[in-house]
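K.L.:
Going by the UniProt record's numbering, the sequence shown opens with residue 1, and the numbers climb by one from there. Glycine included, every Cβ here is placed at the ideal spot set by N, Cα and C. Small disclaimer: the values here were computed from a predicted structure and weren't measured. This is the structure I want to talk about, given as structure tokens.
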Amino acid sequence: MKNITVFVFCLCLFNGCVQQGEGSMSVLEINKGWTYQEVDGTHTGNATVPGTIHTDLLHNGQIEDPFYRTNEKDLQWIDKKDWIYKTTFDVDIETLRKDVSVLNFKGLDTYADVYLNGKLVLKANNMHRTWSVEVKDFLKEGKNQLKVYLHSPIKKGLELYDQSAYAYPANNDQSENGGLGEKKISVFTRKAGYHYGWDWGPRFVTSGIWRKVELRSWSRVNIESVFIRQPVVTSELAKLLVETNIKVLKETEAEVSISYENGDVIAANTKVVLKNGLNKVVIPFEILHPNLWWSNGLGDPNMYDFQVQVKVKEGAVSTQKVSVGLRSVKLVREPDKDGESFLFELNGVRVFAKGANYIPNDSFLPRVTPKDYDKVVDDAVQAHMNMLRVWGGGIYEDDYFYDLCDRNGIMVWQDFMFACSMYPGNDAMLQNIKQEAIDNVTRLRNHPSIVLWCGNNEINTAWHYYSAGGWGWKERYTKEQQQEMNHAYIDIFHGVLPEVVEDLTELDYWPSSPQAGYEPQNHASYESTSGDTHYWGVWHALHRFEDFDKYKSRFMSEYGFQSFPDFKSVQSYAIPADYDIESDVMTAHQRSGIGNLRIKSYLSWYYQVPDDFEEFLYLSQVLQAKGIGMAIEAHRRAMPYCMGSLYWQINDCWPVASWSSTDYYHKWKAAHYAVKKAFEPVLISAVNKSDSVAVYVVSDLQSDVEATLNIQCMDMDGHVLYEKNNNIVIQENTSALLLSLDTKEIKNFNKESCFFVFRLESHGEMITSRLHYLVHTKDLRLNVPQIELSIEEAQGETYLNVKSNTLVRNLYLYDDQSAFVLDDNYFDLLPGEVQRIRVLRHNNPLDVEGVNFRYIRR
Numbered sequence: 001m002k003n004i005t006v007f008v009f010c011l012c013l014f015n016g017c018v019q020q021g022e023g024s025m026s027v028l029e030i031n032k033g034w035t036y037q038e039v040d041g042t043h044t045g046n047a048t049v050p051g052t053i054h055t056d057l058l059h060n061g062q063i064e065d066p067f068y069r070t071n072e073k074d075l076q077w078i079d080k081k082d083w084i085y086k087t088t089f090d091v092d093i094e095t096l097r098k099d100v101s102v103l104n105f106k107g108l109d110t111y112a113d114v115y116l117n118g119k120l121v122l123k124a125n126n127m128h129r130t131w132s133v134e135v136k137d138f139l140k141e142g143k144n145q146l147k148v149y150l151h152s153p154i155k156k157g158l159e160l161y162d163q164s165a166y167a168y169p170a171n172n173d174q175s176e177n178g179g180l181g182e183k184k185i186s187v188f189t190r191k192a193g194y195h196y197g198w199d200w201g202p203r204f205v206t207s208g209i210w211r212k213v214e215l216r217s218w219s220r221v222n223i224e225s226v227f228i229r230q231p232v233v234t235s236e237l238a239k240l241l242v243e244t245n246i247k248v249l250k251e252t253e254a255e256v257s258i259s260y261e262n263g264d265v266i267a268a269n270t271k272v273v274l275k276n277g278l279n280k281v282v283i284p285f286e287i288l289h290p291n292l293w294w295s296n297g298l299g300d301p302n303m304y305d306f307q308v309q310v311k312v313k314e315g316a317v318s319t320q321k322v323s324v325g326l327r328s329v330k331l332v333r334e335p336d337k338d339g340e341s342f343l344f345e346l347n348g349v350r351v352f353a354k355g356a357n358y359i360p361n362d363s364f365l366p367r368v369t370p371k372d373y374d375k376v377v378d379d380a381v382q383a384h385m386n387m388l389r390v391w392g393g394g395i396y397e398d399d400y401f402y403d404l405c406d407r408n409g410i411m412v413w414q415d416f417m418f419a420c421s422m423y424p425g426n427d428a429m430l431q432n433i434k435q436e437a438i439d440n441v442t443r444l445r446n447h448p449s450i451v452l453w454c455g456n457n458e459i460n461t462a463w464h465y466y467s468a469g470g471w472g473w474k475e476r477y478t479k480e481q482q483q484e485m486n487h488a489y490i491d492i493f494h495g496v497l498p499e500v501v502e503d504l505t506e507l508d509y510w511p512s513s514p515q516a517g518y519e520p521q522n523h524a525s526y527e528s529t530s531g532d533t534h535y536w537g538v539w540h541a542l543h544r545f546e547d548f549d550k551y552k553s554r555f556m557s558e559y560g561f562q563s564f565p566d567f568k569s570v571q572s573y574a575i576p577a578d579y580d581i582e583s584d585v586m587t588a589h590q591r592s593g594i595g596n597l598r599i600k601s602y603l604s605w606y607y608q609v610p611d612d613f614e615e616f617l618y619l620s621q622v623l624q625a626k627g628i629g630m631a632i633e634a635h636r637r638a639m640p641y642c643m644g645s646l647y648w649q650i651n652d653c654w655p656v657a658s659w660s661s662t663d664y665y666h667k668w669k670a671a672h673y674a675v676k677k678a679f680e681p682v683l684i685s686a687v688n689k690s691d692s693v694a695v696y697v698v699s700d701l702q703s704d705v706e707a708t709l710n711i712q713c714m715d716m717d718g719h720v721l722y723e724k725n726n727n728i729v730i731q732e733n734t735s736a737l738l739l740s741l742d743t744k745e746i747k748n749f750n751k752e753s754c755f756f757v758f759r760l761e762s763h764g765e766m767i768t769s770r771l772h773y774l775v776h777t778k779d780l781r782l783n784v785p786q787i788e789l790s791i792e793e794a795q796g797e798t799y800l801n802v803k804s805n806t807l808v809r810n811l812y813l814y815d816d817q818s819a820f821v822l823d824d825n826y827f828d829l830l831p832g833e834v835q836r837i838r839v840l841r842h843n844n845p846l847d848v849e850g851v852n853f854r855y856i857r858r
């Protein structure tokens, strides 16, 4: 080691993304024995911590399932009540002998007064922060009582609303459903925005102790946080800086060591003098030929486990462990002939971002389990994704979520928690926001998966005039009010947040999504040639799916289309009397006011609008899959002009008709299978012209591939009308137009009764294949199929073999219990060919008699 740089100063920082090792620290979890009591009311019972008042009332049988039928509207009284949570915990003499004891709430939702042994020790007002307070002077040996008084977020919000000189815009705050009329109070409270309702979610404004509670006690020395800076990372050399924030209670000499590979490799070992208070110690070291962290599809997401240990001369030791992936990453915005690029460069490779937007997994956050996170991230990996955008109307996610993204090579576009609202900019709010940002950026900054911090969701676009392509919020206010709100916007999104990101990380910051440039006047439009875009012409403006090819963007960070969950999922919240998409129950689980109308309109263009309820659910999914698939293909064909495609959205927070590709129960909709195909590493994509078909190949691979493209044109019964083989070279990391097929040269060709099959092979191995049609499905002359099913057991795997005498479109295989999961579904079945489908999961012995199917009927 050539040199050691040590900075010693005092500041206030929160825990980093680390594990506390053995030594001077003792941790007592205070998550048992809690009770709740309604203030000035009768509801009381045993509580679960972490938890919410809604789930506690449910577990104690005092309310019905909030997601069932229309129960949501009957439970709006809960958020207007104050609640008291209590527990007792034991403190032993060893803990009392420690120099410092800190009571740590990892999440309080939201307005909370905390009492320890009858003394007020903490007042909280931000769900997104970790709240810590030193309590050594309030502890006693034996039983200690902890009480949390949770104020109604509605009553607190109304107080702040009444103090405001004007109402703030907050489009997705469903105040009417909460009995508040036009009073949009969500903007005043630092709490998950989706709790107040959204156009895909219910209104459950929760209260509770939503993350763990701990008593952390230590003597002499404690590591407060560790950050591994990566100023230089290449395949040859990683130059790293370990920033360790160390707190001591008096000046002392200390030895700081850094190791990895289970302590077998000592990266650095040095002696420092620590001053009383908080010290920042910076130690550089190097790793030769590091194993780099790569995103899914580019390489292995290699991780290093580092350990930092501080030992003071009195003998006390503090240790923290941190897992880090070594990579260089940046947002590339360079002027070009078309405008300005917007793309992510990882370890020198320009990456096309393939992924989706992500929302919280449940309206009641403590119900989300590690298995839920496992499923969402695995769903992303299985669909060839390399990025998820953590959307700004939810939460800064649990560490486990980011750990999964780290280990699976899923890059994370991380929003700060601001969405679709303007926000007050008074001093108290700004200070609260700053601490929220410091807390979460510090907690998450070691995760290699996080590649960008973004200030907010859609606020910049919403603020601008309709005439300029915005939502027109400005037009509702006087010039003085506009100036005040705009000043607050600049303070938050061009002041507080980017300063925190710059001070605490090495990542880029983007003020708002979408936005055409960094400055606030650069708001995005569908025609923007820079920045990122949210394209909602399809859906809101009734643009056809074909318009995805017209509005491609430099980086498409939102677009989408709705569908219903499958019939089995609908049965979880509805009864047969509700089986009409316009029934009260189905309407309660369709939060977009135009949702059903839009689905019907688009069905009429591309398919048919069925009268049967179950058929409508099925066709809504097929329709969504078509739209999302067409969008992804358009974006990928447009690379390198377009370098990202993140659809809205991968998951749901309750059972609902929404834009998700997997439903609340993690069932894949048709769209997720379409996404899996459209995000394949090598894609064949065809576009209809007037009398021809343009054939493209798109590759994410990092080397050229010699391949053979087989093209067939056949009729519905499988008769081949045209066939040709083309030897091609698939160029690395690019999109290319391969050829144009002149349909006039094909004998007996008819658009309504013919289709193309493209197969791409290399060295005898199938790379990918694609079926392509020249008219909308409703205009195809489909025959009635005879479908044969059989089950095959081979090498410990189970397969469903499917065959038909004629083309089958969007074949959906299922059983009445939804007990099996397939690696492909809603697929097109070629006439005369056996499709072999691997069964990923089934609960009972599989019997072909129990397999049902649906397909597109003429």
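Should Arg-445 be labelled buried (16 or more other beta-carbon atoms within 10 Å of its own) or exposed?
P.N.:
Numbered from its first residue, the sequence shown carries residue 445 at position 445. Buried, because 16 or more other Cβ atoms sit within 10 Å of the Cβ of Arg-445.
K.L.:
Rounded to the nearest angstrom, what separates Arg-792 and Thr-798 at their Cα positions?
P.N.:
Position 792 of the sequence shown holds residue 792. Position 798 of the sequence shown holds residue 798. At residue 792 the sequence reads Glu, which differs from the Arg that was named. Straight-line Cα distance between these residues: approximately 6 Å.
K.L.:
From Met-485 to Asn-426, what distance separates their C-alpha atoms?
P.N.:
Within the sequence shown, numbered from 1, the residue matching residue 485 stands at position 485. Within the sequence shown, numbered from 1, the residue matching residue 426 stands at position 426. The C-alpha of Asn-426 is placed about 10 Å away from the C-alpha of Met-485.
K.L.:
Within the continuous beta strand (DSSP E) that includes Ile-730, where are the two ends?
P.N.:
Residue numbering aside, residue 730 sits at position 730 when the sequence shown is read from its first letter. Note, Ile-730: beta strand (DSSP E), 720-730.
K.L.:
Within its chain, find whatever has a CB closer than 6 Å to the CB of residue 860; leave out the 5 residues flanking it on each side and keep chain order.
P.N.:
This structure does not reach residue 860, given that the chain is present from 1 up to 858, and the question cannot be answered.
K.L.:
Count the other C-beta atoms from every protein chain shown that fall within 10 angstroms of the C-beta of Gly-61, then say buried if there are 16 or more, exposed otherwise.
P.N.:
The residue given as residue 61 occupies position 61 in the sequence shown. Burial call: exposed.
K.L.:
What three-state label does DSSP hand Ala-625 in the structure shown?
P.N.:
Here residue 625 corresponds to residue number 625 of the sequence shown, with the count starting at 1. Reduced to three states, the DSSP call for Ala-625 is helix.
K.L.:
Cβ atoms of Pro-610 and Leu-623: under 8 Å apart, would you say?
P.N.:
To locate residue 623, count along the sequence shown from 1; it is residue 623. To locate residue 610, count along the sequence shown from 1; it is residue 610. Going by C-beta atoms, Leu-623 is not nearer than 8 Å to Pro-610.
K.L.:
What does DSSP give as the partner residue(s) for Tyr-260 in the beta ladder?
P.N.:
Here residue 260 is taken as the residue at index 260 of the sequence shown, counted from 1. Note: Tyr-260 sits in a beta bridge opposite Val-265 and Phe-306.
K.L.:
Assign Thr-189 to buried or exposed, taking buried as 16 or more other Cβ atoms, counted over all protein chains shown, within 10 Å of its Cβ.
P.N.:
Residue mapping note: residue 189 aligns to position 189 of the sequence shown, counting from 1. Per the 10 Å Cβ criterion, buried.
K.L.:
Does DSSP put Asp-90 in a helix, in a strand, or in coil?
P.N.:
On the sequence shown, position 90 is the one that residue 90 refers to. Judged by DSSP in its simplified three-state form, Asp-90 adopts strand.
K.L.:
Quick one: what does DSSP say Ile-650 is sitting in, helix, strand or coil?
P.N.:
By 1-based counting over the sequence shown, the position of residue 650 is 650. Looking at Ile-650 - three-state DSSP - the assignment turns out to be coil, as it is neither helix nor strand.
K.L.:
Helix, strand or coil, according to DSSP, for Asp-338 in the structure here?
P.N.:
The residue you call residue 338 lines up with position 338 of the sequence shown. Three-state DSSP puts Asp-338 in coil, outside helix and strand.
K.L.:
Restricting to runs no shorter than 3 residues, where is the beta strand (DSSP E) found entirely within the region 193-239?
P.N.:
196-198, 201-203, 213-218 and 221-233
K.L.:
Is Asp-532 helix, strand or coil when you go by DSSP?
P.N.:
Residue 532 sits at position 532 when you count from the first residue of the sequence shown. Strand, per DSSP.
K.L.:
Could you tell me the alpha carbon to alpha carbon distance between Ile-450 and Ala-124, rounded to whole angstroms?
P.N.:
Position 450 of the sequence shown, counted from the start, is the residue given in the question as residue 450. Position 124 of the sequence shown, counted from the start, is the residue given in the question as residue 124. Rounded to the nearest angstrom, the two C-alpha atoms are 28 Å apart.
K.L.:
Taking 8 Å as the threshold (C-beta atoms), are Pro-169 and Trp-473 in contact?
P.N.:
Within the sequence shown, the letter at position 473 stands for residue 473. Within the sequence shown, the letter at position 169 stands for residue 169. Yes, they are a contact pair.
K.L.:
I'd like to check one pair, Thr-806 with Pro-831: are the Cβ atoms closer than 8 Å?
P.N.:
Taking the first residue of the sequence shown as 1, we reach residue 831 at position 831. Taking the first residue of the sequence shown as 1, we reach residue 806 at position 806. Yes, the pair counts as a contact, with Cβ atoms nearer than the cut-off.
K.L.:
Using the C-alpha atoms, what's the distance from His-43 back to Thr-95?
P.N.:
Reading the sequence shown from its first residue, position 95 is the one you call residue 95. Reading the sequence shown from its first residue, position 43 is the one you call residue 43. Looking at the two C-alpha atoms, the distance is approximately 35 Å.
K.L.:
Can you say whether Trp-605 is buried or exposed, counting buried as having 16 or more other CB atoms within 10 angstroms of its CB?
P.N.:
Mapped onto the sequence shown, residue 605 falls at position 605. Under this definition Trp-605 is an exposed residue.
K.L.:
Should Leu-497 and Ala-428 be called a contact, given that it needs their Cβ atoms to be closer than 8 Å?
P.N.:
For the purposes of this step, residue 497 is taken as residue 497 along the sequence shown, with counting starting at 1. For the purposes of this step, residue 428 is taken as residue 428 along the sequence shown, with counting starting at 1. Not closer than 8 Å, so no.
K.L.:
Within the chosen definition, does the region 137-150 reach the region 98-113 through at least 3 CB pairs nearer than 8 Å?
P.N.:
yes
K.L.:
Short check: CB of Phe-679 to CB of Met-385, under 8 Å?
P.N.:
Working through the sequence shown from its first residue, we reach residue 679 at position 679. Working through the sequence shown from its first residue, we reach residue 385 at position 385. Yes, these two residues count as a Cβ contact at 8 Å.
K.L.:
Using CA atoms only, rank isn't needed, just tell me which of Arg-367, Tyr-111 and Trp-654 is closest to Ala-588.
P.N.:
Counted from its first residue, the sequence shown places residue 588 at position 588. Among Arg-367, Tyr-111 and Trp-654, the Cα nearest to that of Ala-588 is on Trp-654.
K.L.:
For Ala-794, which beta-bridge partners are listed by DSSP?
P.N.:
Taking the sequence shown and counting its residues from 1, the one referred to as residue 794 is at position 794. Its beta-bridge partners are Glu-797.
K.L.:
Suppose you measure from the CA of Asp-663 to the CA of Ser-219; what does that come to, to the nearest Å?
P.N.:
Taking the first residue of the sequence shown as position 1, residue 663 is located at position 663. Taking the first residue of the sequence shown as position 1, residue 219 is located at position 219. One C-alpha to the other measures close to 49 Å.
K.L.:
Applying the 10 Å Cβ sphere with the 16-neighbour rule, what's the burial state of Asp-578?
P.N.:
The residue given as residue 578 occupies position 578 in the sequence shown. Buried, because 16 or more other Cβ atoms sit within 10 Å of the Cβ of Asp-578.
K.L.:
Could you name the residues of the same chain whose beta carbon sits closer than 6 Å to that of Asn-171, not counting the 5 residues immediately before and after it, in chain order?
P.N.:
Within the sequence shown, residue 171 is the residue found at index 171, counting from 1. So the list reads Cys-420, once near-sequence residues are dropped.
K.L.:
Does the distance from the C-beta atom of Gly-560 to that of Tyr-551 stay below 8 Å?
P.N.:
On the sequence shown, position 560 is the one that residue 560 refers to. On the sequence shown, position 551 is the one that residue 551 refers to. Against a cut-off of 8 Å, the Cβ pair of Tyr-551 and Gly-560 comes out as no contact.
K.L.:
Checking the sheet assignment: what are the DSSP bridge partners for Thr-270?
P.N.:
To locate residue 270, count along the sequence shown from 1; it is residue 270. Partner(s): Val-256.
K.L.:
For a minimum of 3 consecutive residues, which ranges assigned as the beta strand (DSSP E) are wholly contained in the UniProt domain "Mannosidase Ig/CBM-like" (692-779)?
P.N.:
Counting whole runs of 3 or more residues, the UniProt domain "Mannosidase Ig/CBM-like" (692-779) contains the beta strand (DSSP E) stretches 692-699, 705-715, 720-730, 734-742, 754-762 and 765-773.
K.L.:
Could you give the residue range of the alpha helix (DSSP H) that holds Asp-56?
P.N.:
Counting from 1 along the sequence shown, the entry for residue 56 is found at position 56. Note, Asp-56: alpha helix (DSSP H), 53-59.
K.L.:
In whole angstroms, what separates the C-alpha of Glu-765 from that of Tyr-696?
P.N.:
For the purposes of this step, residue 765 is identified with residue 765 of the sequence shown, where counting begins at 1. For the purposes of this step, residue 696 is identified with residue 696 of the sequence shown, where counting begins at 1. Between the alpha carbons of Glu-765 and Tyr-696 lies a gap of roughly 20 Å.
K.L.:
What span of residues does the alpha helix (DSSP H) with Tyr-400 cover, start to end?
P.N.:
Translated into the one-based positions of the sequence shown, residue 400 becomes position 400. Run containing Tyr-400: 399-408, per the alpha helix (DSSP H) assignment.
K.L.:
Give the straight-line distance between the Cα atoms of Ala-268 and Lys-106, rounded to the nearest whole angstrom.
P.N.:
For the purposes of this step, residue 268 is taken as the residue at position 268 of the sequence shown. For the purposes of this step, residue 106 is taken as the residue at position 106 of the sequence shown. Those two C-alpha atoms are separated by around 32 Å.
K.L.:
State the Cα-Cα distance for the pair Ser-740 and Ser-513, rounded to the nearest angstrom.
P.N.:
As a working mapping, residue 740 is identified with position 740 in the sequence shown. As a working mapping, residue 513 is identified with position 513 in the sequence shown. Looking at the backbone, the Cα of Ser-740 and that of Ser-513 are separated by about 37 Å.
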